[in-house]
Amino acid sequence: AFKAHNRHCIVSTHDEQNKSLGQWVSQQRVLYKKNTLNSDRIQQLSSIGFIWDQYDHLWNEHFNELCAFKAHNGHCNVSINDERNKSLGQWIKTQRKAYTRNTLSSDCIQQMDSIGFIWD
Numbered sequence: 014a015f016k017a018h019n020r021h022c023i024v025s026t027h028d029e030q031n032k033s034l035g036q037w038v039s040q041q042r043v044l045y046k047k048n049t050l051n052s053d054r055i056q057q058l059s060s061i062g063f064i065w066d067q068y069d070h071l072w073n074e075h076f077n078e079l080c081a082f083k084a085h086n087g088h089c090n091v092s093i094n095d096e097r098n099k100s101l102g103q104w105i106k107t108q109r110k111a112y113t114r115n116t117l118s119s120d121c122i123q124q125m126d127s128i129g130f131i132w133d
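Per the numbering used here, the sequence shown starts with residue 14, numbered consecutively.
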């Protein structure tokens with residue numbers, strides 16, 4: 014019912030209307046990461062587009078948004094001060110910090126490099 018209404022399976026534990034569902038979703042992710050979730054449940058949830066790793070999912074969404082920005086503007090320099098792209102600009106700032114701190118995965122770095130992203 015949640016997916017049919019919202020068109021996604023990302024349920025927040027902070028959403029008061031869906032708090033118990035959000036907690037259940039969070040628990041499924043924990044069990045999945047611990048490799049203790051049974052294969053039938055994994056298959057059922059995967060079949061409806063369940064997001065197992067929210068971080069990866071959100072990172073890829075922002076990366077795709079950056080690719081679209083570059084295709085439209087010819088560069089990846091998104092200003093935090095640009096109201097239309099404030100969220101993307103903030104994400105880029107976060108990526109640069111993670112890169113500087115050496116906490117950004119090599120896969121993420123390679124993807125950003127592949128589109129000509131300037132790190133500094």
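In this text, a Cβ means the ideal position worked out from N, Cα and C, and glycines have one as well.
Bear in mind the structure is a predicted one, so any value in this text is a computation, not a measurement.
Residue range 32 to 46 is occupied by the alpha helix (DSSP H) that includes S39. C80: member of the alpha helix (DSSP H) spanning 67 to 86, first to last residue. Counting of Cβ neighbours within 10 angstroms places I61 among the exposed residues, the total staying below 16. Boundaries of the alpha helix (DSSP H) around A111: 99 to 113.
Taking all protein chains in view, the Cβ of L101 is crowded by 16 or more other Cβ atoms within 10 Å, so the residue is classified as buried.
Proximity of the segment 117 to 133 to the segment 69 to 83 meets the contact definition, three or more beta-carbon pairs being nearer than 8 Å. According to the DSSP assignment, L117 belongs to no alpha helix (DSSP H), since it is labelled neither H nor E. Assignment of R54 by DSSP, reduced to helix, strand and coil, places it in the helix class. V43 sits exposed, since fewer than 16 C-beta atoms from the chains shown fall within 10 Å of its C-beta. For I128, the three-state secondary structure derived from DSSP is coil.
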